[in-house]
Amino acid sequence: MEKGKKFYKYRLGLGLLQWIANNKDIASKDREAGRHLVKSLRGLESSSGISYTIIQGISKGQRSPEYTTLEAIAEALNTKLSIFIAFCEAIPDAEVVKTIEKDSKSKSKKRSDK
Numbered sequence: 276m277e278k279g280k281k282f283y284k285y286r287l288g289l290g291l292l293q294w295i296a297n298n299k300d301i302a303s304k305d306r307e308a309g310r311h312l313v314k315s316l317r318g319l320e321s322s323s324g325i326s327y328t329i330i331q332g333i334s335k336g337q338r339s340p341e342y343t344t345l346e347a348i349a350e351a352l353n354t355k356l357s358i359f360i361a362f363c364e365a366i367p368d369a370e371v372v373k374t375i376e377k378d379s380k381s382k383s384k385k386r387s388d389k
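Residue 276 is where the sequence shown starts when you use this note's numbering, and the numbers rise one by one after that.
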């Protein structure tokens, strides 16, 4: 698969979801450490000031966030943007492609059900 805009939007979305999943895992093991972590998209909304619709669109690979949006997300996740981007870039290409294919099949099925 050619790495186009769609690929990178999905990679960013996967990174965001995995970061939040990691936070949930930390919080389940250490309540004190997890107290101030963002553990959901709704939590990210309240911590970042970014609307849930935008955050959800990013997490699904449907939106291309502006730089300021990415900065606000990273700040809410209590990390530097460069670290968050590196985290996203570490997601294997195969995982991104698999997610895109799964999403495409799901959308095709929904269209054929109508």
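All C-beta atoms in this analysis are idealised placements derived from N, C-alpha and C, irrespective of residue type, glycine included.
From a predicted model like this one, the values you see are computed outputs, not experimental measurements.
Judged by their CB atoms, residue 288 and residue 335 are nearer to each other than the 8 Å cut-off. In the three-state reduction of the DSSP assignment, residue 325 falls in the coil class.
Straight through space, the alpha carbons of residue 318 and residue 301 are spaced by roughly 15 Å. Going by beta carbons, residue 329 and residue 316 fall outside the 8 Å limit.
Excluding five sequence positions before and after residue 359, the CB atoms of its chain that fall closer than 8 Å to its own CB belong to 290, 294, 345, 348, 349 and 352, given in chain order.
Residue 286 sits close to residue 363, with the two beta carbons spaced by under 8 Å.
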